[in-house]
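Enquirer: Sharing a structure, written as structure tokens. Questions coming.
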Amino acid sequence: MRTVTTLLFAAFVSSAQISDQARAVHRRALVLDAHVHAIDREFYHGGDIGQRKTNGQFDLPRAREGGLGGFFLSLYVPEAYYPARLETKQAFRVIDCALEQIRKNHSQLELALTASDVERIHRAGKMAAILDIEGSYDLDGDLGVLRDLYRLGLRSAQLSAHNWPNNYADSCCSPAKSHGLSEHGREVIREMNRLGMVINVSHASDDAISQAIDVSSDPVIATHHGLRSVNNIPRNMPDWLVKKLAAKGGVIGFQIGNEFHNPKEFVYRTSHAGKVFWTPAPNREQEARMTIEQVDKSVAPQIPMEAFNVPEDVRFTVDDWVAVVDKAIQMVGEDHVALGTDFDGGPTPPRGMRDVRDLPMITAAMLRRGYSEERIDKFLGGNVLRVFREVTEKSRH
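Offset between the sequence shown (1-based) and the working numbering: plus 973.
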């Protein structure tokens, strides 16, 4: 556990690194985070996202301090629900929890179904929540279930079953079943295009991402990702695939954790944890015999997913993190990069960054790098909003 002295020092560093100009630029921008685990703890432990917490990385009071204007709210369905085929029931339970949390906090948070909704909500001084399934809503990709979730407000869905393969799209971190997408996986993508749902390719395999880009009539988004040329892990994207995603108008969101972008920290974490951070739990046979309430109890102690305890000198700085983003900008341009923090999903933030409160540190680092306000606006939310508009507001039958 971090000491009070460490936390106070981190707060001092955070404040010292943010100029008045950076605060003004950040305050004016629409900050739209492409990936936040906003309701996990409320689902498993109760409570209200509108109440300030003493641990974790996200709640609405801290989000407001960090200048957040909206976020893709992760409806997380962990692998533990898959062996007993409880994933669809869990998807509906989690979306119910999300809608209830949004209702409870209607004075400061509102559901967004389109990009115009995001802008309207932001103008009203509230935060916009875009519902995004992380993991599998159904391992078979049932289109009826997909349409029902859409009717409830779902506007983005991950292709793979988190780090597992499902029966239509392979993941980054499990043996291939479909060598990318099955024919039904292509049908899922076409139905998402028809409905107006964002195709989220984070956690999918290279082949699945590449084939999704080919099949989709809309740009796709990798909501929380990194560059494999910086850290050679399967959860990151190779340069050729980043270029292909961008060529179709897509956007790659950069996860805030060291694990994705700092090879030194990745080695430290892996060696001290004894496993890579995406390793599935070994007790899947036991989980296949569990009730959904028993699975809940097994998952709950892991929530919120805390940052790994890493020495400060192993972490890189916010400027180092922005340098990774800059590498992508030099590769594909400023229109195809975005913020996708994964707060409360376990990232180890850059040195001096505590949680969502410290998002202005990114703006400050970008100004130090000489970025224009237009480029910063695109990264903080404009690029994701552009794709969200193209997906949700196009003419459809």
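For each residue, glycine too, the CB sits at the ideal point set by N, CA and C.
Within its chain, find whatever has a CB closer than 7 Å to the CB of residue 1337; leave out the 5 residues flanking it on each side and keep chain order.
Expert: Here residue 1337 refers to the residue found at position 364 of the sequence shown. Cβ within range, chain order: 990, 991, 992 and 995.
Enquirer: In the DSSP assignment, the alpha helix (DSSP H) including residue 1105 goes from what residue to what residue?
Expert: For the purposes of this step, residue 1105 is taken as residue 132 along the sequence shown, with counting starting at 1. Not the alpha helix (DSSP H): residue 1105 falls in the beta strand (DSSP E), residues 1100–1108.
Enquirer: If you count every other CB in all the chains shown that lies within 10 Å of the CB of residue 1369, and 16 or more means buried, which is it?
Expert: Here the question's residue 1369 lines up with position 396 in the sequence shown. Note on residue 1369: pLDDT 48, under 50, position unreliable in the model; the coordinate value appears next. Exposed, because fewer than 16 other Cβ atoms sit within 10 Å of the Cβ of residue 1369.
Enquirer: Tell me whether residue 1085 is buried or exposed, calling it buried when 16 or more other Cβ atoms sit within 10 Å of its Cβ.
Expert: Start at 1 with the first residue of the sequence shown, and residue 1085 comes out as number 112. Label assigned to residue 1085: buried.
Enquirer: Using the Cβ count rule (16 or more neighbours within 10 Å means buried), how would you classify residue 1358?
Expert: Here residue 1358 is taken as the residue at index 385 of the sequence shown, counted from 1. The residue in question, residue 1358, is buried, as its Cβ has 16 or more Cβ neighbours within 10 Å.
Enquirer: Give me the DSSP bridge partner(s) of residue 1173.
Expert: Residue 1173 sits at position 200 when you count from the first residue of the sequence shown. Partner(s): 1131 and 1194.
Enquirer: Counting pairs of Cβ atoms below 8 Å between the region 1305–1315 and the region 1202–1219, do you hit three or more?
Expert: Touching, per the Cβ criterion.
Enquirer: For residue 1224, which three-state DSSP category applies?
Expert: Against the sequence shown, residue 1224 aligns to sequence position 251. Residue state, collapsed to three classes: strand.
Enquirer: Give the single residue among 1169, 1204, 1205 and 1149 whose Cα lies nearest to the Cα of residue 1182.
Expert: Taking the sequence shown and counting its residues from 1, one reaches residue 1182 at position 209. Closest option to residue 1182, Cα to Cα, is 1149.
Enquirer: Please determine, among 1154, 1235, 1333 and 1072, the residue with the shortest C-alpha to C-alpha distance to residue 1188.
Expert: By one-based count along the sequence shown, residue 1188 stands at place 215. Cα-wise, what sits closest to residue 1188 is 1154.
Enquirer: Return the bridge partner residues of residue 1084 from the DSSP annotation.
Expert: For the purposes of this step, residue 1084 is taken as residue 111 along the sequence shown, with counting starting at 1. Answer by DSSP bridge pairing, in chain order: 1102.
Enquirer: My assumption, with CB atoms under 8 Å, is that residue 1315 sits in contact with residue 1008. Please give the rounded CB distance.
Expert: Against the sequence shown, residue 1315 aligns to sequence position 342. Against the sequence shown, residue 1008 aligns to sequence position 35. Going by Cβ atoms, the distance from residue 1315 to residue 1008 rounds to 5 Å, so yes, they are a contact pair.
Enquirer: I need the straight-line Cα distance from residue 1107 to residue 1054, nearest angstrom please.
Expert: Along the sequence shown, one-based indexing puts residue 1107 at 134. Along the sequence shown, one-based indexing puts residue 1054 at 81. If I take the Cα positions, the gap works out to 13 Å.
Enquirer: Tell me, to the nearest whole angstrom, how far the beta carbon of residue 1313 is from that of residue 1226; I am working on the premise that it is less than 8 Å.
Expert: For the purposes of this step, residue 1313 is taken as residue 340 along the sequence shown, with counting starting at 1. For the purposes of this step, residue 1226 is taken as residue 253 along the sequence shown, with counting starting at 1. Right, the Cβ-Cβ distance comes to about 3 Å (below 8 Å), so this counts as a contact.
Enquirer: Are three or more beta carbon pairs between the region 1242–1255 and the region 1288–1299 nearer than 8 Å?
Expert: The answer is no - the region 1288–1299 does not touch the region 1242–1255, with fewer than three Cβ pairs under 8 Å.
Enquirer: On the DSSP bridge assignment, give the partners of residue 1311 in chain order.
Expert: In the sequence shown, counting from the first residue as 1, residue 1311 sits at position 338. Residue 1311 pairs with 1226.
Enquirer: Could you check if residue 1207 belongs to the surroundings of the ligand ADP, using beta carbon to heavy atom distance under 8 Å?
Expert: With respect to the ligand ADP, the structure shown offers nothing to examine, as it has no ligands at all.
Enquirer: Do you know how far the Cα of residue 1327 is from the Cα of residue 1364?
Expert: Sequence index remark: in the sequence shown, residue 1364 carries index 391 (1-based). Sequence index remark: in the sequence shown, residue 1327 carries index 354 (1-based). Residue 1364 and residue 1327: Cα-Cα distance of roughly 33 Å.
Enquirer: Around the C-beta of residue 1171, are 16 or more other C-beta atoms found within 10 angstroms, so that it is buried, or is it exposed?
Expert: One-based indexing of the sequence shown puts residue 1171 at position 198. Buried, by the Cβ-count rule.
Enquirer: Pick helix, strand or coil for residue 1111, following the three-state DSSP scheme.
Expert: Taking the sequence shown and counting its residues from 1, one reaches residue 1111 at position 138. Residue 1111 falls in the coil class under three-state DSSP.
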